[in-house]
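Structure record follows, encoded as structure tokens.
Number of protein chains: 2
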Amino acid sequence: MSLEKARRLENTGPPGPSGQAESIDERPDGAPDGLRRPTIASVASAAAVSRQTVSNVINAPHRVGEQTRRRVERAIAEAGYRPLKTAQALRTRRSNLIAVGIPNADGARNLLIEGFLHALTVEAQRRGYRILLVTGADDASEIKAYDELLTDYDIDALVFTGTHRGDQRIPWLLNKGTRFVTFGRPWGTKAAHPWVDVDGAGGVRDATEHLIEIGHQRIAFIGWPGGSGVGEDRLSGWEQACRTAGLPLRDLSRRIEDGLEQGRQACASLLDSPKAPTAIVCVSDTLAVGAWVEVTARGGRPGRDVAIIGFDDSPMASMIGLSSVAQPLSAAAAVCVDCVQSLNRSTGTSMTAPLQVLLAPKLIVRASG
Amino acid sequence: MSLEKARRLENTGPPGPSGQAESIDERPDGAPDGLRRPTIASVASAAAVSRQTVSNVINAPHRVGEQTRRRVERAIAEAGYRPLKTAQALRTRRSNLIAVGIPNADGARNLLIEGFLHALTVEAQRRGYRILLVTGADDASEIKAYDELLTDYDIDALVFTGTHRGDQRIPWLLNKGTRFVTFGRPWGTKAAHPWVDVDGAGGVRDATEHLIEIGHQRIAFIGWPGGSGVGEDRLSGWEQACRTAGLPLRDLSRRIEDGLEQGRQACASLLDSPKAPTAIVCVSDTLAVGAWVEVTARGGRPGRDVAIIGFDDSPMASMIGLSSVAQPLSAAAAVCVDCVQSLNRSTGTSMTAPLQVLLAPKLIVRASG
DNA sequence: TTGAAAGCGCTAACAT
DNA sequence: ATGTTAGCGCTTTCAA
Numbered sequence: 090m091s092l093e094k095a096r097r098l099e100n101t102g103p104p105g106p107s108g109q110a111e112s113i114d115e116r117p118d119g120a121p122d123g124l125r126r127p128t129i130a131s132v133a134s135a136a137a138v139s140r141q142t143v144s145n146v147i148n149a150p151h152r153v154g155e156q157t158r159r160r161v162e163r164a165i166a167e168a169g170y171r172p173l174k175t176a177q178a179l180r181t182r183r184s185n186l187i188a189v190g191i192p193n194a195d196g197a198r199n200l201l202i203e204g205f206l207h208a209l210t211v212e213a214q215r216r217g218y219r220i221l222l223v224t225g226a227d228d229a230s231e232i233k234a235y236d237e238l239l240t241d242y243d244i245d246a247l248v249f250t251g252t253h254r255g256d257q258r259i260p261w262l263l264n265k266g267t268r269f270v271t272f273g274r275p276w277g278t279k280a281a282h283p284w285v286d287v288d289g290a291g292g293v294r295d296a297t298e299h300l301i302e303i304g305h306q307r308i309a310f311i312g313w314p315g316g317s318g319v320g321e322d323r324l325s326g327w328e329q330a331c332r333t334a335g336l337p338l339r340d341l342s343r344r345i346e347d348g349l350e351q352g353r354q355a356c357a358s359l360l361d362s363p364k365a366p367t368a369i370v371c372v373s374d375t376l377a378v379g380a381w382v383e384v385t386a387r388g389g390r391p392g393r394d395v396a397i398i399g400f401d402d403s404p405m406a407s408m409i410g411l412s413s414v415a416q417p418l419s420a421a422a423a424v425c426v427d428c429v430q431s432l433n434r435s436t437g438t439s440m441t442a443p444l445q446v447l448l449a450p451k452l453i454v455r456a457s458g
Numbered sequence: 090m091s092l093e094k095a096r097r098l099e100n101t102g103p104p105g106p107s108g109q110a111e112s113i114d115e116r117p118d119g120a121p122d123g124l125r126r127p128t129i130a131s132v133a134s135a136a137a138v139s140r141q142t143v144s145n146v147i148n149a150p151h152r153v154g155e156q157t158r159r160r161v162e163r164a165i166a167e168a169g170y171r172p173l174k175t176a177q178a179l180r181t182r183r184s185n186l187i188a189v190g191i192p193n194a195d196g197a198r199n200l201l202i203e204g205f206l207h208a209l210t211v212e213a214q215r216r217g218y219r220i221l222l223v224t225g226a227d228d229a230s231e232i233k234a235y236d237e238l239l240t241d242y243d244i245d246a247l248v249f250t251g252t253h254r255g256d257q258r259i260p261w262l263l264n265k266g267t268r269f270v271t272f273g274r275p276w277g278t279k280a281a282h283p284w285v286d287v288d289g290a291g292g293v294r295d296a297t298e299h300l301i302e303i304g305h306q307r308i309a310f311i312g313w314p315g316g317s318g319v320g321e322d323r324l325s326g327w328e329q330a331c332r333t334a335g336l337p338l339r340d341l342s343r344r345i346e347d348g349l350e351q352g353r354q355a356c357a358s359l360l361d362s363p364k365a366p367t368a369i370v371c372v373s374d375t376l377a378v379g380a381w382v383e384v385t386a387r388g389g390r391p392g393r394d395v396a397i398i399g400f401d402d403s404p405m406a407s408m409i410g411l412s413s414v415a416q417p418l419s420a421a422a423a424v425c426v427d428c429v430q431s432l433n434r435s436t437g438t439s440m441t442a443p444l445q446v447l448l449a450p451k452l453i454v455r456a457s458g
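One line per chain: the protein sequences are A and B, in this order.
Sequential numbering from 90 applies to the first sequence in my numbering.
Sequential numbering from 90 applies to the second sequence in my numbering.
As structure tokens, then:
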């Protein structure tokens, strides 16, 4: 007996009097029931209601009567029924899919992407969303990849990182009208869109203040060359903390490219200078590890002889006992997914101010500082 | 004029009875044509063929006549048409989606997952697949997550890493009949399933032989405690190379937990022993970095005073100039996606031997060795 | 509160 | 070689 026929047969009668027990019993396809995926029709049949009522129990329970709802819920549970997202998506044009753009260059920031992705996956799963990956070699090819993905699926929203000056993705997405959130502020652009970021200046300020509290009076900063929004932001945190505490800045900062060797050299230059610092805050863990290695190579012990604090709390930091400013990746991911959810709840035409969140990072104190 | 109506009008001709040419001409929705996503119907209309023919041009071009095909292809290109995967998936029960299970613990192996994920995304994109992420805290919750995902979508296949002894996921998936590939051999189980892995023994053998070639006679190995399949595999590579070359093994190996401090200590103990090694091969980059730090702290320079080689070529390795055995992540990802493709091509009933591939890693020689 | 009908966009099966 | 019909599983719309 086909499921559809069964449903119809069972539905004979007023609201739910039950005019069942017909005679037919063979099903056209010989598939055993147990192996067939439950459909909304099979559940409807089992609960002796229409498919629509089952749908309502799932998507709009308030519209369904108390008794009916319970009966349907039991049928759903017994069948282990879950709506097929593909069919829902086709009908509603909502996929519950969040596309995430991942970068491909190898660099300091990439050590974070794994943690961020994991956090996103957890948060998305918690709210019934799924994470779909997309990648491109540069802005242009990434845009092409986004375009294809957005054409192939009814993606609910896009999340990506690595926003930078002159980012071509943002205007493209704004123009296309795609919903998106970035992990990272827009640097040097006036376009407003939802973003989540971590307060780098605050993090470095916290680190510097921590060093001041434990007695340091000469605190250096190893940063990146100018032009990077992230770098300038973090640098400013060190300046603020030192100024507020009345500590010197002069000759205590270095501006270099990211890299362990660069960090070693900058550290050496600082330690060899007339008024050597007793503590060094670095814009990245990579540079901090360089400093850490230099201190170690000189027979010193980071934290006892020279304090060192990095940024990002990469796996390496915990490995070598490097204090570091940790980005709250789980919180950032949660905010991203929340944002996607609210973007999709709104009818689309209501243009409220885009959500922009700055999260406070957390200083992880280890042996080095 | 609505697209559907247009199609009907243009189809006036023999095959179809064609009782068209009605009078109505306004479209209910006032949406401008340009903003509407092209559908197979709109393309069919533009090319004056049936939807089925458009579908054939895309999915079975050989069934379509030369002229028609070109005309349809032009219409597809002009409209920028791409089939909606959601609708295809509903009809064909193939989603072109590959689910990837990602672990959540932080450890040495996790440094690799990011590269593997990126490679998978690239390879999947290249072949028209998409990567969907799924995660769980342990085997059991991961299985639950898999189950829900597999129920929600018609996932084409599952890929996951971190196979281990007593892995519960493998029997569960085999029993469920889900198509899957693992990146990592099944350790200590007889169940056969498709997998891709890297030849750890071969990689360590290569590293050891490289050290022998450049003149080392006493080569040590820092490995993990027994019980880990991966660890024993790599250890055996060192033993083989040394035995073959007639070099000593005695007192030249250490078996410790992964960790930088452990690596430092093991290195110190080796260097302080009566017949100290001149080179050290490590089962992981973490331990190798520990050794690297110890040598550096003693005022030595890795590569000049003591050679050190790690395993996995983690970001750390390139950062500090540590030689390391790199896993061919792109190749592994490509094999995984190929495998998924062939699994889905087969009708499902043809039970050929599962694909099992062992890839050769590549020694990256840097300053340390 | 519940049910029937229609249809999302696509393709398998069958007709021509 | 091409077209017609039906239907994947679900939800929207409208009727009862």
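C-beta: ideal position from N, C-alpha, C; glycine also.
With respect to the 7 Å criterion, V143/B and V153/B are not classified as neighbours on the basis of their beta carbons.
Apart from sequence neighbours up to five positions away, the residues of its chain that approach G399/A with a beta-carbon distance below 6 Å are C371, D374, A377, A406, L411 and S413, ordered along the chain.
Annotation for R294/A: G326, Q329 and A330 place their beta carbon closer than 7 Å to its own, counting only its chain and skipping 5 residues before and after.
Under the three-state reduction of DSSP, T267/A is assigned to coil, being neither helix nor strand. Within the same chain, Cβ atoms closer than 6 Å to the Cβ of A368/A are found at L300, H305, I308 and A396, the five residues on either side in sequence being excluded. Within the region 239-254 of chain A, contact with chain B at the beta-carbon level (separation under 9 Å) is assigned to T240, D241, Y242 and D243. The beta carbon of Y242/B sits closer than 7 Å to those of S184 and L186, all from its chain and outside the five residues before and after it, given in chain order.
In the displayed model, K451/B falls within a strand according to three-state DSSP.
Chain A has a Cβ within less than 7 Å of the Cβ of L221/B.
Residues of chain B with a Cβ closer than 9 Å to the Cβ of A456/A do not exist; the shortest Cβ-Cβ separation is about 10 Å. Within chain B, the residues whose beta carbon sits less than 8 Å from that of Q214/A are V223, T224 and A234, listed in sequence order. Those residues of the region 175-192 of chain B placed with their C-beta closer than 7 Å to a C-beta in chain A are T175, A176, A178, L179, S184 and I191, ordered along the chain.
Judged by DSSP in its simplified three-state form, R344/A adopts strand. Out of T240/B, L201/B and T271/B, the CA that lies nearest to the CA of R182/B is found in T240/B. Per the DSSP secondary-structure output, T250/B pairs in a beta bridge with F272/B. The DSSP-derived three-state label of L418/A is helix. For secondary structure counted as the beta strand (DSSP E) over 3 or more consecutive residues, the region 113-184 of chain A holds no complete run.
As the crow flies, the alpha-carbon of T271/A is around 26 Å from that of A234/B. For the 7 Å CB-CB criterion, A188/B and A422/B do not form a contact. The three-state secondary structure of D286/B, taken from DSSP, is strand.
With fewer than 16 other beta carbons inside 10 angstroms of its own, Q257/B counts as exposed. Only residues of its own chain outside the window of five on either side were considered, and among them V384 have a CB closer than 7 Å to the CB of D394/A, listed in chain order. Under a criterion of Cβ atoms nearer than 8 Å, the residues of chain A adjacent to A386/B are, in order, T385, A386 and G388. With respect to chain B, the C-beta atom of T267/A has no partner C-beta closer than 7 Å. As the crow flies, the alpha-carbon of I409/B is around 10 Å from that of P391/B. In this structure, the straight-line span from the alpha carbon of C425/A to that of T333/B is close to 56 Å.
With its beta carbon less than 7 Å from one in chain A, E203/B belongs to the interface. With a threshold of 7 Å between beta carbons, R140/A makes no contact with chain B. H207/A has a beta carbon lying within less than 7 Å of a beta carbon in chain B.
In the same chain as F310/B, and ignoring 5 residues on each side of it, the C-beta atoms closer than 7 Å to its own belong to L324, W327, L341, S342 and V370, in chain order. Following the DSSP letters along the chain, one finds R332/A inside the alpha helix (DSSP H) bounded by residues G318 to A334. In the structure shown, I308/A falls within a strand segment according to DSSP collapsed to helix, strand and coil.
Shown here, G399/A sits in a strand according to DSSP, grouped into three states. For D228/B, the closest C-alpha among the options E162/B, P260/B and P363/B is that of P260/B. Pairing L447/A with A355/B, the inter-Cα distance amounts to about 44 Å. Here P366/B carries a coil assignment [DSSP, helix/strand/coil].
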